[in-house]
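Engineer: Residue numbers (this note's numbering), protein chains in the order written: chain A, 1 to 421; chain B, 1 to 328. By construction, the Cβ of each residue, glycine as well, lies at the ideal position given by its N, Cα and C atoms. Following this message is one structure expressed as structure tokens.
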């Protein structure tokens, strides 16, 4: 309340309502999927009670590519209607000019977060966004079906495909006609870049563009990885997987129609919800690797809160971003949403471990996570990613072989790079 | 339709020029003044953005730095560099395979969808032109697909065409028409077909309505004469209905064609962002906003404008379309 009193003078000219509170009205934009928006709403209520400001949520479609396009447009037009943006981990270098520098505001809390995540949100020496949660995908598997056929959790992609095929065939004979072996995100969008990067990296094929800016994608191991993935489509994965994003994959999985799924941790809490057909019947493991003993790869994801430089209430907006990235909210988020915290200490928190036992196990997975090449490719990242996912989507849908498509991809990336990223 | 005709009719045709009376001139002046607000509004909402887009297509603008754009000439359209070895490297829009792929997709989509919609629209219009009970209700009902916002119908059809829980696959399977579930929007063979199905469903009512308006202008007595002479109804259709409805039909087709050439929302929502269904508008938006290539996207938008303009001129010229509904 003292906050409002301070600002009352400033706002008196604009606010005509009879209301005694002169607090700021903030708007936050988020494309969270599942029940993420309901969770955000509950946290915002606490913020409103604490500070007296009101916050309006502007919902967006869950596709990260769609969100980015809209945000870029709003920010380029200097839109002052949105104060706080929920941003993907890859956006910081591309949008850094349009967001406020949070270095000073966050100087006391930065040390609590994983340094790699803070680094991912720092562009040109500027802290662009406050991390809210991190993400690393997992292999979701049906415990009940693996037990039924005496299978163990697969360690390699080939083992996964064989297990999936066997269970799928036998279950279909037994009457479960709609059952598939494996669902992932095969639509031509950012999510496919994440999926394919995991295949390529786990086969030892590099990470598209290396940290020093070298284009490494055109190699035999990467081609083999993509050919392996292509062999799944139509055999253990429905042909429609080529149009699936996260929610479509979860739809098939959560209705009990898939043995395995590649998805982000948010699907864990939802899969154990009351209306889920797979409640209590599944487990999660790290994604498979190329051969036994190889290191599996998981693409680093995660979301953050950034403050628009066009915000009319920058102080309150920064306060909101800090609140949403605070230990308290991250803990609630971990318990409620199984989102992985970016604050180190929460991985040893007893409440979190009890409510979401997968989270403590996850620490190692994402410590080894692969970043997408957003840092070396800077403002050209989206185009790099689009060229990559197009090459992968073409390969998966039988439009040229992996080797051919990767060769063309290399040529296009070289042209795009020009004299430097 | 009606308003288009009445405004255009005010403009005098050549042979009346000399015989213009004082009254006529006065009416023309008044008409001119009435048109001024509309022309100003058009200049602001259509003319200015168009000129700016064309300007940006000759610069190196990026979305975050529009004011710092520098003039680069035709580089975004076509450019070449000669290497030391004498090899020539082409770059720019006209040498970009992604661009030509999008052009081909757009043209293919436009031609097929407009053809289907014209045929189906004519059939529907003929049915609605007949006298039957509850005709008003049917006429209103048939407009529903046209009234639903495209985004909503694209989403709706997206669910209906879903490979795993979509109703279309379920119905086809139940009737034994297919033996396995089809991934309509995902598979490269069927993605364009899915788009066409939804577009035809959505815009046939529009065509039907325009053609129906044309049909109702045909005098009834011609049909009476034809039936008295014992002409077969099919022959009546080819010899009487079609020639008389042709002006309205031609105008309806060009409206649809202009609309189809800039198809964006349906494809963007319904299908994956793959080269099989990417049209010029989808490609231009991607370059304008997702990528850091605002100028290149502007060049694509400008080319789309030129292509549509060219097609329209050709169509009007070759089809001898007259917007005053004369032609009889």
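Taking residue 63(B) as the query, report the chain A residues whose CB atoms sit under 8 Å from its CB, ordered along the chain.
Structural biologist: 72, 73 and 76
Engineer: Put residue 297(B) into one of helix, strand or coil per three-state DSSP.
Structural biologist: Note: residue 297(B) maps to helix in three-state DSSP.
Engineer: Does any CB atom of chain B fall closer than 8 Å to the CB of residue 189(A)?
Structural biologist: Judged by the 8 Å Cβ criterion, residue 189(A) is in contact with chain B.
Engineer: Ordered along the chain, which non-local residues of its own chain (more than five positions away) have a Cβ less than 6 Å from that of residue 139(B)?
Structural biologist: 128
Engineer: Please report how far the alpha carbon of residue 307(A) lies from the alpha carbon of residue 65(A), in whole angstroms.
Structural biologist: 20 Å
Engineer: Rounded to whole angstroms, what is the Cα-Cα separation between residue 221(B) and residue 244(B)?
Structural biologist: Pairing residue 221(B) with residue 244(B), the inter-Cα distance amounts to about 13 Å.
Engineer: If you drop the 5 nearest sequence neighbours on each side, which residues of the same chain put their C-beta closer than 6 Å to that of residue 329(A)?
Structural biologist: 43
Engineer: In terms of DSSP beta bridges, what is residue 135(A) paired with?
Structural biologist: 301(A)
Engineer: Jot down the residue ranges of each uninterrupted alpha helix (DSSP H) in the region 15 to 92 of chain B, minimum 4 residues, whole runs only, in chain order.
Structural biologist: 22 to 42 and 48 to 56
Engineer: Any chance the region 256 to 263 of chain A sits against the region 160 to 172 of chain A, with 3 or more Cβ pairs inside 8 Å?
Structural biologist: yes
Engineer: Anything in chain A within Cβ reach of residue 185(B), meaning under 7 Å, just list it in chain order.
Structural biologist: Those within 7 Å of residue 185(B) in chain A are 243.
Engineer: Where in the region 333 to 364 of chain A do unbroken runs of the alpha helix (DSSP H), each at least 4 residues long, occur, reported from the N-terminal end onward?
Structural biologist: 350 to 355
Engineer: Who are the Cβ neighbours of residue 75(A) in its own chain at under 6 Å, not counting the five residues just before and after it?
Structural biologist: 98
Engineer: Count the other C-beta atoms from every protein chain shown that fall within 10 angstroms of the C-beta of residue 93(A), then say buried if there are 16 or more, exposed otherwise.
Structural biologist: With 16 or more other CB atoms across the displayed protein chains lying within 10 angstroms of its CB, residue 93(A) is buried.
Engineer: Just checking: is the beta-carbon of residue 309(A) within a distance shorter than 8 Å of some beta-carbon in chain B?
Structural biologist: No, its Cβ sits nowhere closer than 8 Å to a Cβ of chain B.
Engineer: For residue 119(B), name the three-state secondary structure that DSSP assigns.
Structural biologist: helix
Engineer: Which partner residues does residue 140(A) have in the DSSP bridge list?
Structural biologist: In the DSSP output, where bridge partners are listed per residue, residue 140(A) has 261(A) and 284(A).
Engineer: Quick check: residue 265(A) and residue 195(A), are their CB atoms within less than 8 Å of each other?
Structural biologist: no
Engineer: From what residue to what residue does the alpha helix (DSSP H) around residue 238(B) run?
Structural biologist: No alpha helix (DSSP H) holds residue 238(B); DSSP gives it neither H nor E.
Engineer: Just by C-beta distance, which residues in the region 59 to 70 of chain A are closer than 7 Å to chain B?
Structural biologist: 65, 68 and 69
Engineer: Quick check: is the beta carbon of residue 56(B) nearer than 8 Å to any beta carbon in chain A?
Structural biologist: The C-beta of residue 56(B) comes no closer than 8 Å to any C-beta of chain A.
Engineer: Closer than 8 Å, CB to CB, is residue 409(A) near chain B or not?
Structural biologist: no
Engineer: Give me the residue from 271(A), 83(A), 37(A) and 154(A) with the minimum Cα distance to residue 316(A).
Structural biologist: 83(A)
Engineer: Indicate whether the contact test is met: 3 or more Cβ pairs, each with one atom in the region 356 to 372 of chain A and one in the region 126 to 138 of chain A, closer than 8 Å.
Structural biologist: yes
Engineer: Would residue 225(A) and residue 200(A) be called neighbours here (beta carbons separated by less than 8 Å)?
Structural biologist: yes
Engineer: Flag residue 373(A) as yes if its beta-carbon sits less than 8 Å from any beta-carbon of chain B, otherwise no.
Structural biologist: no
Engineer: Less than 8 Å between the beta carbons of residue 154(B) and residue 78(B), yes or no?
Structural biologist: no
Engineer: Which residues in the same chain as residue 206(B) place their Cβ atom closer than 6 Å to its Cβ, once the five residues preceding and following it in sequence are excluded?
Structural biologist: 146
Engineer: Closest by CA to residue 55(A), which one among 77(A), 25(A), 357(A) and 309(A)?
Structural biologist: 25(A)
Engineer: Around the C-beta of residue 61(A), are 16 or more other C-beta atoms found within 10 angstroms, so that it is buried, or is it exposed?
Structural biologist: By the neighbour-count rule (16 or more Cβ atoms within 10 Å), residue 61(A) is not buried but exposed.
Engineer: Taking the alpha carbon of residue 80(B) as the point to measure from, which residue in 47(B), 90(B), 195(B) and 31(B) has its own alpha carbon closest?
Structural biologist: It is 90(B) whose Cα lies nearest to the Cα of residue 80(B).
Engineer: Establish whether the CB of residue 419(A) and some CB of chain B are separated by less than 8 Å.
Structural biologist: no
Engineer: Which two residues bound the contiguous alpha helix (DSSP H) that contains residue 68(A)?
Structural biologist: 64 to 76
Engineer: Just curious, the alpha helix (DSSP H) that residue 30(A) is in, first and last residue?
Structural biologist: Premise fails: residue 30(A) lies in the beta strand (DSSP E), 25 to 30, not in any alpha helix (DSSP H).
Engineer: Would the region 347 to 357 of chain A and the region 179 to 187 of chain A be scored as touching if the rule is three or more Cβ pairs under 8 Å?
Structural biologist: no
Engineer: In whole angstroms, what is the alpha-carbon distance linking residue 407(A) and residue 97(B)?
Structural biologist: Each residue's Cα considered, the two are about 16 Å apart.
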